[in-house]
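Colleague:
There are 2 protein chains.
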Amino acid sequence: MKHGGDLTGAIARYGGTPQMWLDLSTGISPWPWPIPADLPGAVWQRLPSRAAEEALIAAARDAYAVLADAEVVVAPGTQSLIQWLPQLASRGSVAIVGPTYHEHELAWRIAGHEVIAVANLDELPDAVRHAVVVNPNNPDGRVTGHSALARAAELLQDRGGWLVIDEAFADMEPEISAVGLCVELPVVILRSFGKFYGLAGLRLGFAIAHRDVAQRISLALGPWPCSGPALNIGLAALRDKEWARCMRNAIQHRTRELDTVLAVAGLTILGGTGLFRLVQHPDATKMHAVLAAQYIWCRRFEWADDLLRFGLPPHKHDLHRLAGALASFK
Amino acid sequence: MKHGGDLTGAIARYGGTPQMWLDLSTGISPWPWPIPADLPGAVWQRLPSRAAEEALIAAARDAYAVLADAEVVVAPGTQSLIQWLPQLASRGSVAIVGPTYHEHELAWRIAGHEVIAVANLDELPDAVRHAVVVNPNNPDGRVTGHSALARAAELLQDRGGWLVIDEAFADMEPEISAVGLCVELPVVILRSFGKFYGLAGLRLGFAIAHRDVAQRISLALGPWPCSGPALNIGLAALRDKEWARCMRNAIQHRTRELDTVLAVAGLTILGGTGLFRLVQHPDATKMHAVLAAQYIWCRRFEWADDLLRFGLPPHKHDLHRLAGALASFK
């Protein structure tokens with residue numbers, strides 16, 4: 000199970016139809032920003048205009064509190080940025096704070112960089128030129144503070160390297176964002192749109208960096224990286240601050256309810272963010288199979304057989320369904 | 000004017016609103032495949048599934064007559080493939096048959112390859128390792144035959160290089176496609192979805208190549224390169240062969256009407272495809288400005304001041320409007 004959010008493998012193994020499954024394998028919010036029914040035909044038909052891209056960038060600047068001396072680049076999902084950054088980075092090895100989202104490691108390896116796993120940013124080996132940290136981290140939710148990030152970025156600046164900070168799950172606690180570091184330091188921040196806004200299929204993400212780095216990323220992506228619908232919907236959603244405020248509350252509330260269900264079932268909650276919870280159980284692998292047999296799909300990990308990750312159940316009755324399925328395990 | 004299809008610059012200079020302009024600056028069909036009003040919510044909300052991507056690839060195989068030993072890779076527009084290919088190609092210079100769509104040259108230069116302009120594929124310099132040809136060519140519509148393509152590909156194979164064939168405008172005459180060459184030769188074919196299907200905002204394109212090359216492209220793009228709507232709509236549209244058949248006729252008909260309007264106005268038609276016409280006129284630059292003052296936007300070129308390119312006017316009355324504006328020039 001390389002990724003969450005894809006029932007193709009689950010259905011192949013356990014049967015059922017997509018409608019029968021409760022998919023908790025992902026960190027994508029189950030409550031999407033409401034897409035208007037009447038998207039203008041032009042967003043589908045025409046090449047996205049410069050004006051549309053600039054409007055979205057302005058909205059992202061505001062939503063992510065980007066300072067004047069940093070630039071925003073739009074991309075078809077942060078995954079596309081994860082693919083490009085190692086190609087654009089200078090030769091040299093990279094430290095990745097892990098365990099974490101494994102696509103970072105893959106992309107740096109494909110681009111020919113040596114990858115060194117580290118437990119935290121304060122122990123960067125001398126040989127390392129770049130570093131990647133997911134903040135808050137996926138799957139454990141660990142937060143690296145601004146001072147540790149700044150220290151690492153200063154160190155890597157002396158070595159001609161970059162600090163990539165993947166803030167895919169920072170929307171729930173915007174103060175985690177290290178966006179202020181981009182101006183003076185070689186920091187590249189990734190912001191995912193689809194997770195908090197519940198629109199992962201839209202493929203929209205952002206890189207925030209100093210002008211030089213941002214221009215190189217933009218040149219690499221080329222013209223029209225994002226779809227017309229992504230520019231249109233992203234703009235309206237990022238401007239909708241009232242929705243974001245309410246959604247943060249709703250997500251927090253559901254997270255607490257989910258924690259209760261998990262704790263009652265005897266699982267130890269290790270951490271997470273508002274959009275997923277990491278739990279520990281000695282029989283996690285078996286529990287994963289028992290849930291799957293009841294068409295509940297959670298996330299397990301190749302590197303740990305006692306961990307599971309649960310995303311947010313969309314409805315109250317899904318919480319009850321999960322509670323019932325977990326109870327059947329005992 | 001780097002590209003057609005973006006009124007941002009036209010409006011900044013000549014005024015008006017997008018609704019007031021007749022945009023003929025692009026080679027995108029003005030008649031989109033009809034998007035269903037009720038796209039399933041999941042295409043927006045969930046990460047695109049492997050099953051959805053595989054279904055689209057199967058439809059593309061069929062639509063583009065891909066042989067069993069070649070592979071299809073989906074991408075968010077062929078532009079994203081144009082950006083990646085030079086990064087993946089072995090070191091060495093590239094010959095680009097031109098004048099043509101200038102993003103190929105840009106992308107190969109950014110990736111550090113020397114770029115050599117050639118007039119046709121039969122005069123590849125000895126030093127060249129790769130070649131790019133747009134077939135049929137944009138903007139003049141010139142077609143390179145299968146035997147010339149095969150000869151060039153065999154030559155480049157001996158040098159460890161690739162022949163990239165950009166078939167962005169091959170939909171009107173599918174027999175132009177050199178898709179059969181992919182099996183035995185190092186040929187990478189690019190197919191654009193958005194132009195013929197009138198859905199450029201969707202960002203969808205394909206690479207067709209031998210298994211090894213296709214896998215490298217796929218690995219570079221990473222997971223979920225395309226949006227859920229693109230997979231969903233692309234699948235339905237590529238399966239809709241009756242629509243494609245009728246649309247070819249409708250486009251041919253409108254092309255003939257457009258040619259008449261252009262010829263009557265004293266323009267010499269040099270060539271093109273069903274989706275655009277390249278014309279020559281000694282006062283082309285002035286004509287471009289006169290049309291723009293009447294909110295008609297056609298395409299001119301930095302490398303030739305006597306050429307203009309016209310896309311298809313969507314409605315009969317647009318043809319009349321164009322005829323009237325051209326008449327005002329005389």
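So the protein sequences, as listed, match chains H and P.
Taken in order, the first sequence gives residues 0 to 329; the numbers are from numbering that gives the first Met the number 0.
Taken in order, the second sequence gives residues 0 to 329; the numbers are from numbering that gives the first Met the number 0.
Every residue gets a Cβ at the ideal spot worked out from N, C-alpha and C, and that includes glycine.
(1) Excluding five sequence neighbours on each side, which residues of the same chain lie with their C-beta closer than 8 angstroms to the C-beta of P:His287?
(2) Taking the alpha-carbon positions, what's the H:Ile56 to H:Asp165 distance?
(3) Is H:His331 close to chain P, meaning its C-beta is less than 9 angstroms from at least one C-beta of that chain?
(4) Can you tell me the Cα-Cα spacing of H:Glu183 and H:Leu87, whole angstroms?
(5) Roughly how many angstroms separate the alpha carbons of H:Ser176 and H:Asn134, rounded to a whole number?
(6) With DSSP collapsed to three states, give me the class of H:Ser327.
(7) Is H:Glu70 closer than 9 angstroms to H:His209 when the C-beta atoms are compared?
(8) Whole angstroms is fine: what's the gap from H:Pro173's alpha carbon to H:Tyr63's?
(9) Helix, strand or coil for P:Met27? Go by DSSP, reduced to three states.
(10) Please identify the residue among H:Ile232, H:Pro31, H:Leu218 and H:Arg215 whose C-alpha is closest to the C-alpha of H:Pro39.
(11) How should P:Thr25 be labelled, buried or exposed, when 16 other C-beta atoms within 10 angstroms of its C-beta is the threshold for buried?
(12) Give every residue of the same chain whose Cβ lies closer than 6 angstroms to the Cβ of H:Ala58, excluding the five residues on either side of it in the sequence, and list them in chain order.
(13) Would you say P:Pro312 and P:Leu321 are within 9 angstroms of each other, going by their C-beta atoms?
(14) Return the chain-ordered ranges of every beta strand (DSSP E) run that is complete within the region 269-296 of chain P and spans a minimum of 3 residues.
(15) Within 9 angstroms of any Cβ in chain H, is that where the Cβ of P:Cys297 sits?
(16) Secondary structure at P:Ser92, three-state DSSP: helix, strand or coil?
(17) Is it true that the region 200-207 of chain P meets the region 34-49 of chain H, where meeting means three or more beta-carbon pairs spaced less than 8 angstroms apart?
(18) For H:Ala167, does the three-state DSSP call read helix, strand or coil?
(19) Tell me P:Glu70's beta-bridge partners as DSSP assigns them.
(20) Using a Cβ cut-off of 8 angstroms, which residues of the region 208-226 of chain P contact any Cβ in chain H, in chain order?
(21) Between the region 90-104 of chain H and the region 117-125 of chain H, can you find at least three pairs of beta-carbon atoms closer than 8 angstroms?
(22) Under 9 angstroms between C-beta atoms, does P:Pro47 make it to chain H?
(23) Quick check: the Cα distance between P:Gly4 and H:Val42, rounded to an integer number of angstroms?
(24) Compare the Cα-Cα distances from P:Ala303 to each of P:Ala283, P:Tyr294 and P:Lys315 and report the closest residue.
(25) Name, in chain order, the residues that DSSP records as bridge partners for H:Phe192.
(26) Three or more C-beta pairs closer than 8 angstroms, one from the region 265-279 of chain P and one from the region 139-147 of chain P: is that the case here?
(27) Helix, strand or coil for P:Arg128? Go by DSSP, reduced to three states.
(28) Only counting runs of 4 or more residues, tell me where the alpha helix (DSSP H) segments fall wholly within the region 237-266 of chain H, in order along the chain.
(29) If I'm right that H:Leu155 touches H:Ala130 with Cβ under 8 angstroms, what's the distance once you round it to whole angstroms?
(30) Please state if the CB of H:Arg128 and the CB of H:Gly111 are separated by a distance shorter than 9 angstroms.
(31) Hey, how far is the Cα of H:Phe192 from the Cα of H:Cys225?
(32) Does any residue of chain H have a CB that is nearer than 9 angstroms to the CB of P:Gly200?
(33) Is P:Leu84 buried or exposed, if buried means 16 or more other CB atoms sit within 10 Å of its CB?
(34) Looking at chain P, is there any beta carbon in it that lies within less than 9 angstroms of the beta carbon of H:Ala106?
(35) Would P:Leu220 and P:Val65 be called neighbours here (beta carbons separated by less than 9 angstroms)?
(36) May I ask you to report which of helix, strand or coil DSSP gives P:Leu198?
Modeller: Based on what the coordinates show:
(1) The residues Cys297, Arg299 and Leu307, in chain order, have a CB closer than 8 angstroms to that of P:His287 in the same chain once the five nearest residues on each side in sequence are set aside.
(2) Those two C-alpha atoms are separated by around 18 angstroms.
(3) The structure shown has nothing for residue 331 of chain H, since chain H only spans 0 to 329.
(4) Answer to the nearest angstrom: the Cα atoms are 19 angstroms apart.
(5) Going by the C-alpha atoms only, they are around 8 angstroms apart.
(6) In the structure shown, H:Ser327 sits in coil (DSSP, three-state: anything other than H, G, I, E or B).
(7) Yes, Cβ-Cβ distance for H:His209 and H:Glu70 is below 9 angstroms.
(8) When rounded, the distance between both Cα atoms is 8 angstroms.
(9) As written in the sequence, residue 27 of chain P is Ile, which differs from the Met given in the question. It is coil, neither helix nor strand.
(10) Ranking H:Ile232, H:Pro31, H:Leu218 and H:Arg215 by Cα distance to H:Pro39 puts H:Ile232 first.
(11) With at least 16 other beta carbons inside 10 angstroms of its own, P:Thr25 counts as buried.
(12) Take H:Ala58, set aside five residues on each side of it, and the residues of its chain with a beta-carbon closer than 6 angstroms to its own are Leu234, Leu237 and Arg238, in chain order.
(13) Yes; because the gap between Cβ atoms is below 9 angstroms, this pair is in contact.
(14) Counting whole runs of 3 or more residues, the region 269-296 of chain P contains the beta strand (DSSP E) stretches 275-279.
(15) For P:Cys297, no CB of chain H lies under 9 angstroms from its own CB, so it is not counted at the interface with that chain.
(16) Strand at P:Ser92.
(17) Note that the region 200-207 of chain P touches the region 34-49 of chain H; at least 3 beta-carbon pairs, one per stretch, sit closer than 8 angstroms.
(18) If DSSP states are grouped into helix, strand and coil, H:Ala167 belongs with coil.
(19) For P:Glu70, which the question treats as bridged, DSSP gives the partners P:Ala208.
(20) Those residues of the region 208-226 of chain P that come within reach of chain H (Cβ to Cβ, closer than 8 angstroms) are Leu218, Ala219, Leu220, Gly221, Pro222, Trp223, Pro224, Cys225 and Ser226.
(21) Yes: the two stretches touch, three or more of their Cβ pairs being nearer than 8 angstroms.
(22) Yes, its Cβ sits closer than 9 angstroms to a Cβ of chain H.
(23) It is roughly 12 angstroms from the alpha-carbon of P:Gly4 to the alpha-carbon of H:Val42.
(24) Ranking the options by Cα distance to P:Ala303, first place goes to P:Ala283.
(25) H:Phe192 is not bridged to any residue.
(26) The region 265-279 of chain P vs the region 139-147 of chain P: in contact.
(27) In the three-state reduction of the DSSP assignment, P:Arg128 falls in the strand class, which pools E and B.
(28) 240-263, all fully within the region 237-266 of chain H.
(29) With a Cβ gap of about 6 angstroms, H:Leu155 and H:Ala130 count as contacting.
(30) Not closer than 9 angstroms, so no.
(31) Near 12 angstroms, if we compare the C-alpha coordinates of H:Cys225 and H:Phe192.
(32) So yes, P:Gly200 belongs to the interface.
(33) Buried, by the Cβ-count rule.
(34) With respect to chain P, the C-beta atom of H:Ala106 has a partner C-beta closer than 9 angstroms.
(35) The answer is no: Cβ separation not under 9 angstroms.
(36) Correct three-state label for P:Leu198: coil.
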